[in-house]
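The block underneath contains the structure these notes are about, expressed in structure tokens.
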Amino acid sequence: MAKFNLNINNRNYSVEAEPNMPLLWVLRDKLGLTGTKYACGEGICGSCTVHIDGNAERSCVLSVKDVEGSSITTIEGLAENPDHPIFKTWIDLEVSQCGYCQPGQIMTLAAMLNKSSSKEEIEREMSTVLCRCGTYHRIRKAVDKLVEEK
Amino acid sequence: MKKKHTRREFIKVVSVSGGGFILATYIPFNNLLAKAGDDPKIFSPSVYLKIDSNGLVTVIVHRSEMGQGVKTALPMLIAEELEVEWEKIVIEQADADSKYGSQSTGGSTSVRRNWEPLRVAGATAREMLLIAAANKWKVDKSDCFAENGFIVNKKTNQKFSYGELVEDASKLPVPQNVKLKDPKDFKIIGKRIHRVDTPEKIYGKAKFGIDVVIPGMFYAALSRCPSFGGKVKSFKADKAKSLPGVIDVVQISNGVAVIADSTWNAFNGRDALEIDWDFGPNASVSTEDIRNEMIKHLDEEGSLFENRGNINSKIEGEKFVEAVYEVPFMAHAPMEPMNCVAKYENGKIELWAPTQNPQNAKSEVAKALGISEDNVTVHVTLMGGGFGRRLVSDFAIEAAEISKASGKAVKLTWTRKEDMKFGFYRPPSMHVLKGSVSSEGRPIKFYHHVIAPSIRQMRFDKNLTAEKSEIKEGTVDLEYQIPNLKITGTLIPTHVPISWWRAVYNSQNPFAVESFIDELAFAAGKDPYQFRKEMLPDDSRLKNVLNIAAAKSGWGTRLAKGKGRGIAISAGYESYCAQVAEVSVVDNKLKVEKFTAVIDCGVVVNPDIVEQQLEGAIAFALSAAMKGEITIKNGGVVQSNFDDFEILTYDEMPVVEVHIVQNNFKVGGVGEVGIAACAPALCNAIFAATGKRIRRLPVRLS
Ligand code: FES
Ligand code: FES
Chain A
1211 MAKFNLNINN RNYSVEAEPN MPLLWVLRDK LGLTGTKYAC GEGICGSCTV HIDGNAERSC
1271 VLSVKDVEGS SITTIEGLAE NPDHPIFKTW IDLEVSQCGY CQPGQIMTLA AMLNKSSSKE
1331 EIEREMSTVL CRCGTYHRIR KAVDKLVEEK
Chain B
90 MKKKHTRREF IKVVSVSGGG FILATYIPFN NLLAKAGDDP KIFSPSVYLK IDSNGLVTVI
150 VHRSEMGQGV KTALPMLIAE ELEVEWEKIV IEQADADSKY GSQSTGGSTS VRRNWEPLRV
210 AGATAREMLL IAAANKWKVD KSDCFAENGF IVNKKTNQKF SYGELVEDAS KLPVPQNVKL
270 KDPKDFKIIG KRIHRVDTPE KIYGKAKFGI DVVIPGMFYA ALSRCPSFGG KVKSFKADKA
330 KSLPGVIDVV QISNGVAVIA DSTWNAFNGR DALEIDWDFG PNASVSTEDI RNEMIKHLDE
390 EGSLFENRGN INSKIEGEKF VEAVYEVPFM AHAPMEPMNC VAKYENGKIE LWAPTQNPQN
450 AKSEVAKALG ISEDNVTVHV TLMGGGFGRR LVSDFAIEAA EISKASGKAV KLTWTRKEDM
510 KFGFYRPPSM HVLKGSVSSE GRPIKFYHHV IAPSIRQMRF DKNLTAEKSE IKEGTVDLEY
570 QIPNLKITGT LIPTHVPISW WRAVYNSQNP FAVESFIDEL AFAAGKDPYQ FRKEMLPDDS
630 RLKNVLNIAA AKSGWGTRLA KGKGRGIAIS AGYESYCAQV AEVSVVDNKL KVEKFTAVID
690 CGVVVNPDIV EQQLEGAIAF ALSAAMKGEI TIKNGGVVQS NFDDFEILTY DEMPVVEVHI
750 VQNNFKVGGV GEVGIAACAP ALCNAIFAAT GKRIRRLPVR LS
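These protein sequence lines map, in sequence, to chains A and B. Sequential numbering of the first sequence, starting at 1211, is according to the working numbering. Sequential numbering of the second sequence, starting at 90, is according to the working numbering.
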């Protein structure tokens, strides 16, 4: 066990964890930030996406020791502004079904919108975030609307 | 002395009371509670709702929310009859309790089975409040009406809020046979009401089963035998116990569990266990063996399900068609892996379970622990998808046994790999189809022999016969008017655990039927839409959705080379559905461009949720039709994650256009009927585009 100083959602946390423990489990089990979801654990599905220094990253394959010093944003951090256009659009279009994959969908998209990624990049990235309920059709509508409004 | 609550706190307290960690969705309301007192009186004329003297209306949802929208749709039924503003309702998730009637959330039953009882519950409460007000004013109740949480005196325009009437209403006898509202007066039912669970879910605040934390809780992982039916011979825990964070190792009926201070440490501890397995009697079984078991019966007749006319008669000039169809095992793979929190103490157990079947979890856990059901409490959490997987209570039993064996409160979390390998799968099936058409292109004969394991036989009743089994679902009572028809079936055994997968046998039988109908249409030289239409009776709701689907999809209009449309219909759960798929196939690469889906589900409670269910069903069924399958080797499942069991992705999702038929027929189910027509519509479209007939799923073009 070692001590790590993490900056999450603009707050400083000091946590004790095994150095190889994925950030995902530090967030969920040690800090109670359960908005970041576990679904595949191998970087395949995108449910666990957080922002590391503004980039969308999969927290299930990032060791806690590698994110010390980075600025980490989780879905809870993004939701500190519930008026964020993504949330408004998501509610307007009623995108979510079971909702389990949605934090990962939203975090992935938010990073790209912040960076003004191209339509092609968005298409490519969103195609790596899985949803078993099949909300893709509405995610696409939301993406199109958000890209247009930007 | 009771603590004084502010209004906000008060709402919070109410919402937590249902089970500690299940945060009920609530929308705080404005001024109605201005007079909030300390100790509100509760008026609860039914198990599904309560109103307190502050006017707070709490609706108890007894079915499980797994994404399908019950937490919104069921309260809509009560709110409609109760005449309260939708925004002012607090929604609470029910624990497992027989007082609610069936809580089993499957078979597309939640709305259609509760359509009447929940409206009656709302209407009864409304009636009692009305009588209470009339008594207070000493007027006839016909001089009063209910509106937005008030009873209004028609003559004087005086008003009592529901809260003010709670005490009096509680003393009244519960009236029988209250009058339900005329559908033309509906204010809530039929509206695109926003889902109550969306905001908390997208903000990352919603508590799914996997998010539950209780005081003093540890984290558990379980090692199970890789081949179904095997068991632990012996094990060594030294290595596991030497790892960081590992606290305990216990053996339970289904394997060996590691308890640790975090999920991650529990996973690692579990991986370090040295277990000598007895792989059991099925250790060498593979998919091929199970297929061969089905193939053995291909030439047999099968047990009779349905018979009309004579399929053996000789008819001049008839043209024969014959084909064999096949579908594989399929996993549910909900995004949230199986998990459960359990706390055993002094002969009692409390569980927080993402279960579609709370009452079953309760009884199964009681049985497994040898305690009475009264000593089992099951709190139902939100769940990250269910699709039938969570109708089985295995994960709850495991968590309960681990908690009892270790004496600790634990959260058992499955890895994705375990979720893939230790599921209860949609059974595979084979289908022999034979038929003929006349020289004028009319259908003459239709024969279908379905060969599949029966879920009921495998799980509950070894003596169940094919005739009495459910494998006939989707094969019999077709509306097609074909003069000579014979439907038969054969059950085969399998050691692979099987269970209900969204739409169950309707996820596979209609694939064979509707694809073969297409083959007959082709043999007849007929357009597949016209061919179906001519076989359906005029007053058929199926025919109606078929016609609408054809019209809305532009059926018959020209498509570019390499493109094709396919059509298929399905009925079930008191609903009717038709789908048209539009695909393109370029260089053997399939792209699903568009689905047009038409549903007739009778009265519509929330059109937006109906559309969501159709869109979701199409994505779910396309995954099964085009993407991953479950295969068996050495008695266990080969696949282990979303890389070798692929599901549909964002870029593969077609445009989906949903059309809902407006009528006032009895309310039908919407979660599953959209599954059935999807695969055949897709494969019929592939045929139209390429001339290649797909008879085995998943589709593999090269
Ligand atoms: S849980 Fe991290 S990518 Fe799937
Ligand atoms: S909304 Fe359920 S997995 Fe995406």
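Think of the CB as a built atom: it goes at the ideal place given N, C-alpha and C, for glycine as much as any other residue.
Status (buried if at least 16 other CB within 10 Å, exposed otherwise) for residue i
i: B/K227; result: exposed
i: B/I404; result: exposed
i: B/T352; result: buried
i: A/E1290; result: exposed
i: B/L790; result: exposed
i: B/E205; result: exposed
i: B/E556; result: exposed
i: B/N119; result: For B/N119, the predicted structure reports a pLDDT of 31, less than 50, and the residue's modelled location is therefore unreliable. The matter cannot be settled from this model.
i: B/I111; result: Residue confidence is low: B/I111 scores 27 on pLDDT, short of 50, so the model does not pin down where it sits. Its coordinate-derived value is still stated next. Its Cβ being crowded by 16 or more others within 10 Å, B/I111 is buried.
i: B/P370; result: exposed
i: B/V345; result: buried
i: B/E487; result: buried
i: B/K792; result: Limits of chain B in this structure are 90 at one end and 791 at the other, which puts residue 792 of chain B out of reach.
Whole-angstrom distance between residue j and residue i, CA atom to CA atom
i: B/S461; j: B/A455; result: 6 Å
i: B/F540; j: B/F549; result: Here residue 540 of chain B is Ile; the residue named in the question, Phe, does not match the sequence. One C-alpha to the other measures close to 19 Å.
i: B/S193; j: B/F513; result: 17 Å
i: B/D127; j: B/D483; result: Low confidence applies to B/D127: its pLDDT is 46, below 50, so where it sits in the model is not reliable, and the reading given next is rough at best. When rounded, the distance between both Cα atoms is 43 Å.
i: B/I277; j: B/L145; result: 19 Å
i: B/S231; j: B/N266; result: 16 Å
i: B/I303; j: B/A442; result: 13 Å
i: B/I802; j: B/D697; result: In the structure displayed, chain B extends from 90 to 791; residue 802 of chain B sits before or after that span and is not available.
i: B/K268; j: B/D274; result: 13 Å
i: B/E568; j: A/E1359; result: 49 Å
i: A/P1292; j: B/E169; result: 30 Å
i: B/G279; j: B/S197; result: 18 Å
i: B/A765; j: B/L553; result: 25 Å
i: A/K1325; j: B/C690; result: 44 Å
i: B/A682; j: B/A713; result: First, the residue type needs correcting, since residue 682 of chain B is Glu and not Ala in the sequence shown. Going from the Cα of B/E682 to the Cα of B/A713 covers about 17 Å.
i: B/A778; j: B/A768; result: 15 Å
i: B/M624; j: B/Q570; result: 5 Å
CB-CB length for residue i against residue j, believed under 8 Å
i: B/F307; j: B/A498; result: 7 Å
i: B/E700; j: B/V747; result: 4 Å
i: B/Q182; j: B/V526; result: In fact, because the Cβ distance is near 54 Å, the residues do not count as touching under 8 Å.
i: B/P516; j: B/I587; result: 4 Å
i: B/A686; j: B/I707; result: 7 Å
i: B/M419; j: B/M155; result: Incorrect: roughly 18 Å between the Cβ atoms, too far for contact.
i: B/V727; j: B/Q597; result: With 8 Å as the limit, B/V727 and B/Q597 do not qualify as a contact, their Cβ atoms being about 20 Å apart.
i: A/C1258; j: A/L1234; result: 5 Å
i: B/I299; j: B/N428; result: 5 Å
Bounding residues of the beta strand (DSSP E) (the contiguous stretch that carries residue i)
i: B/R215; result: No beta strand (DSSP E) contains B/R215, which is instead part of the alpha helix (DSSP H) from 199-226.
i: A/Y1165; result: Summary: the structure shown does not reach residue 1165 of chain A, with chain A confined to residues 1211 through 1360, and so no result is reported for it.
i: B/V339; result: 335-341
i: B/D628; result: Counting along the chain, B/D628 falls outside any beta strand (DSSP E), and DSSP gives it neither H nor E.
i: B/Q668; result: 664-675
i: A/K1213; result: 1212-1218
i: B/A431; result: 428-434
Endpoints, the alpha helix (DSSP H) within which residue i is located
i: A/R1348; result: 1346-1359
i: B/N449; result: 447-458
i: B/Y251; result: 251-259
i: B/V602; result: 598-613
i: B/I736; result: Premise fails: B/I736 is in no alpha helix (DSSP H) and is neither H nor E.
i: B/P532; result: No alpha helix (DSSP H) holds B/P532; the beta strand (DSSP E) holding it covers 532-541.
i: B/K330; result: 327-330
i: A/Q1312; result: 1312-1324
- prompt: Should the stretch 387-394 of chain B be regarded as contacting the stretch 356-364 of chain B, the criterion being three or more beta carbon pairs within less than 8 Å?
  reply: Contact fails: fewer than three Cβ-Cβ distances are below 8 Å.
- request: Kindly confirm or deny that the stretch 485-503 of chain B and the stretch 420-440 of chain B touch, where touching means at least three C-beta pairs closer than 8 Å.
  value: Judged by Cβ distances under 8 Å, the stretch 485-503 of chain B makes contact with the stretch 420-440 of chain B, as three or more pairs qualify.
task: Report yes or no: do the stretch 136-146 of chain B and the stretch 203-214 of chain B share at least 3 C-beta pairs separated by less than 8 Å?
output: Counting Cβ pairs under 8 Å, three or more are found: they touch.
- prompt: Any contact of the stretch 321-339 of chain B with the stretch 524-534 of chain B, i.e. 3+ C-beta pairs under 8 Å?
  reply: Verdict: no, contact absent.
- prompt: On the three-pair Cβ rule with 8 Å, is the stretch 1308-1328 of chain A touching the stretch 158-168 of chain B?
  reply: Under the three-pair Cβ rule at 8 Å, the stretch 1308-1328 of chain A does not count as touching the stretch 158-168 of chain B.
field: Three or more C-beta pairs below 8 Å linking the stretch 1277-1286 of chain A and the stretch 1215-1232 of chain A
entry: Output reads yes: the stretch 1215-1232 of chain A touches the stretch 1277-1286 of chain A.
- prompt: Using 8 Å as the Cβ pair cut-off and three pairs as the minimum, do the stretch 234-246 of chain B and the stretch 213-221 of chain B touch?
  reply: Yes: at least three Cβ pairs fall under 8 Å.
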